[in-house]
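The numbering used here numbers the first residue of the sequence shown as 447 and each following residue consecutively. Glycine included, C-beta positions come from ideal geometry on N, C-alpha and C. Fair warning: this is a prediction, and the values are worked out from it, not measured in the lab.
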Amino acid sequence: MVSSVQATATQVLAQQDSQTPNETQAYPRDFIRAGKLLFQRKKWSQAIACYRRAIQLDPQNPEAYQCLAEALSQQGKLDEAVVYYRRAIDLGSQQSSSNGSNGQSAKHSPPASASHPGSQSNGHHANGHSNGFVAEDSAQNLHSPHPTSHALSPLHHYRQQAEQFYANGNWEGAIASAEQALSQLEPEAAIAYKTLGNALQATGRTEEAKSCYVMAIQVKPEFAEAHANLGSLYAQRHQWQEAIACYQKAIELKPDFAGAYRNLAKVWSQTNQLEKAAQCWHRALALEPNSVAAEGLLKVGDATLERGNLEGAIAIYRQVAQLVPKFADPHLKLGNLLKQQGDWKGAIACFQKVIQLDPNSVQGYLKLGNVLVQHDQWQQAIPCFQAATRLQPDLWETQHQLGDLLFRQRQLEEAIAAYQQALAVNPTLHWSHHNLGNALFELERWQDAAHHFREVTRLQPDFWEGHHKLGDTCLKLHQWQAAIASYQRAIELNPTCSWSHHNLGSALFELRQWQPAAIAFQRAQELHPAFPWSAYNLAETCVKLERWDEAIAHYQETLRLAPSLGYIHQKIGDVLCQQAAALERQAQQKRGMAEQHYRDALTLEPENMHLCHKALEFKPADPDLYCKLGQASASQDRPDKAVIFYQVALQLQPDHPQAHAELGHLLRQQDRWDEAIAHYQQAIQLQPSVGLYEALGEALIDQEQWEEAIAAFSQAIHLIQREPV
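Encoded structure:
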């Protein structure tokens, strides 16, 4: 038989488009069985094809219509499914009547509002009651989607149709079908009353729903699900005590009723009886360890925490973790509390457990990474943030934090990539631009760094550090004016940053603006007295300003702060030499001025020998001054002394014509003719003049050297004749 069904299924799959079945190979029941096999495998379209073949072979087969309706429901084709449900019920009723059953006639078919293909559900799930109080059913009351009997009773069809409508949120259809089921057979009315109550409650007709639940309990007092559903209705109305009584009765009748425990736990939570709520959730978890109960107990833990009972919340989270070992949420919550208590090792273990249970838990990776960062385990935190960003790339804050960690570990290229990812998601995050600029700066990618620092100043114009960093980058690019503007803006926003003043001084120094640079370095030193380089650069600037004493003082301060900088001693020596040279230049200038004043005085008092001696103090090798001394001595009738002064002048300048001439005159007066003649001749050779030739001629006459005298006078006459009239 199994092989026949499989063969039929294979045939259906291979020949879906064929309109005429091969009746010699398969009967309607074979197509129905093949459809069920395909239905179990969730191959809805193929199952539908089988059921349609069965209906073609036997148009009066209610089971084929019922199965087709179920398959269409699975595809969400509810309106079409309702039509086939109705057809199955009609055929079942007819067959029951023809077989002499107690089924009802066609007058009991569903009303148009419930079965017409155009009717719509209200869009809510069957368990979608407000406040989360769900009408619970036990597993024993769930029916197979495919009936096994060939002829379905009207009660069975109407009841199943009502439950299907309810499950699909079609409350009106569920109400109509349940009413039809109730009219079929009283012994099973309890279930129909309950289903009708569920549908009425879902549509907000709570009084009618309550009546149905009460009727179900009257028909079947031990019907635990009806008690639970009545409790849900009371809970929906906030009639907590009545709800509690109903849930407790349901649990009394059915101690393993997990749904009743869950809903009772919710009521205890609503009435702030958290311990009782925790007990009920715990029991529900023990009966059915699923995420619904686990989340309910976790909510009790959350409420316990909100009341300040940290230890109580921890205990609840531990219970959930123990009862549902593969549920990650309790470990996450427990880790948060352990971290709050300072038990960071326990917190790390919890977050690692979260990741083990759920490798795609973004929160697990983030929480673990944050704990590791707080305890300076940066290298271990990096993979956590990398995993979180792989799972959720739009976590720009995490991308930024990852960039910070990578930067701290000097993994600069990876840090740059992380910051760029953060900016791709949030381009207005100025800190990502700032830190990205820092990483690029470290790699000496000055232009790229400058771009991001400019973005910082654009996004946050009053963020002083952005202006400062832009200044640093412009300094590296030798963009001195831009650097100065950036540092000045940074100083406006934060006048106490010594680095801004120091680097401003450096930019001004490069532009040879010595005085502003000195002011900037001075302010930097005041703000950060322990930094030797501000003192050093201030000393260098003072050298440029030739403020020698200040330069020496600042070099000495540099040595005090950094004694190992031996070359500073050389700098001080250089300054002292420069200072001495400058002083010497000043002295020479002043001596020149003094000498000039003495000479001016001698012009007015040529016989003042004291003035000559003063002038000689500044210029002791000046032959002109000795000539003046000779003239003064001669005028004072001290010819011997005058001769000596002229002789000194000639020693200093042997070709001094005036000294030769004046000395010749003195020697002639002393009858030292030969010496006088020699000096006259020397003077004439250097600077011939009429007077010198005449003096030479007279001296030669005194020596009776007539011919030489005539020659001298002839030269005098010749010179006179050449002179212009």
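The Cβ-Cβ distance between E671 and F703 falls below 9 Å. Around the beta-carbon of R1006, fewer than 16 other beta-carbon atoms lie within 10 Å, marking it exposed.
The alpha-carbon of Y1013 is positioned some 35 Å away from that of G912. In the structure shown, T919 adopts helical secondary structure according to DSSP, grouped into three states.
Check the Cα spacing between Y659 and each of I637, G650 and T649: the tightest is with I637. Annotation: the continuous alpha helix (DSSP H) that includes S678 extends over A670 to Q682. For A1008, there is no enclosing alpha helix (DSSP H), as DSSP marks it with neither H nor E.
Under a 10 Å Cβ-count criterion, N872 is classified as exposed, with fewer than 16 other Cβ atoms of the shown protein chains found around its own Cβ. K791 sits in a helix when the DSSP states are folded into three classes.
A straight-line Cα-Cα distance of about 10 Å links P771 and H777. Going by DSSP, T844 is part of the alpha helix (DSSP H) stretching over W842 to R854.
By the CB criterion at 9 Å, Y612 and T641 fall inside the cutoff. Annotation: the continuous alpha helix (DSSP H) that includes V713 extends over A704 to Q716. Between F967 and T942, the CB-CB gap reaches or exceeds 9 Å. Taking the Cα positions, L780 is about 11 Å away from D748. When the five nearest sequence neighbours on each side are left out, the beta carbons in the same chain lying within less than 7 Å of the beta carbon of I621 are those of L642, A645 and L646, in order along the chain. Counting along the chain, P805 sits inside no alpha helix (DSSP H), nor does DSSP assign it H or E at all. Following the DSSP letters along the chain, one finds P701 in no alpha helix (DSSP H), marked with neither H nor E.
Looking from the CA of Q832, the closest CA among Q820, D822 and Y865 belongs to Y865. Nearest to Y604 by C-alpha distance, out of G619, Q626 and C726, is Q626.
Taking C-beta atoms as the reference points, L1075 and A1088 count as a pair closer than 9 Å. In the three-state scheme derived from DSSP, where H, G and I count as helix and E and B as strand, V770 is classed as coil. Assignment of alpha helix (DSSP H) within the stretch 927 to 962, counting only whole runs of 4 or more residues, yields 944 to 956 in chain order. By the beta-carbon neighbour count (other beta carbons within 10 angstroms, threshold 16), I1156 is exposed.
In this structure, N949 lies near G917, with their beta-carbon atoms less than 9 Å apart.
Contact between P1069 and A1105 holds: CB atoms are separated by about 6 Å, below the 8 Å threshold.
D1120 and G1110 have their alpha carbons spaced roughly 9 Å apart. A straight-line Cα-Cα distance of about 33 Å links L1146 and M1055. Annotation: the continuous alpha helix (DSSP H) that includes F1064 extends over M1055 to F1064. Rounded to the nearest whole angstrom, the C-alpha separation of G792 and Q809 is 17 Å. K489 sits in coil when the DSSP states are folded into three classes, being neither helix nor strand. Boundaries of the alpha helix (DSSP H) around Q893: W892 to L905. When DSSP states are grouped into helix, strand and coil, H777 belongs to the helix group. Under the three-state reduction of DSSP output, G1110 falls in the helix class. Burial state of I501 is buried, judged by a 10 Å Cβ sphere holding 16 or more other Cβ atoms. The three-state secondary structure of Q786, taken from DSSP, is helix.
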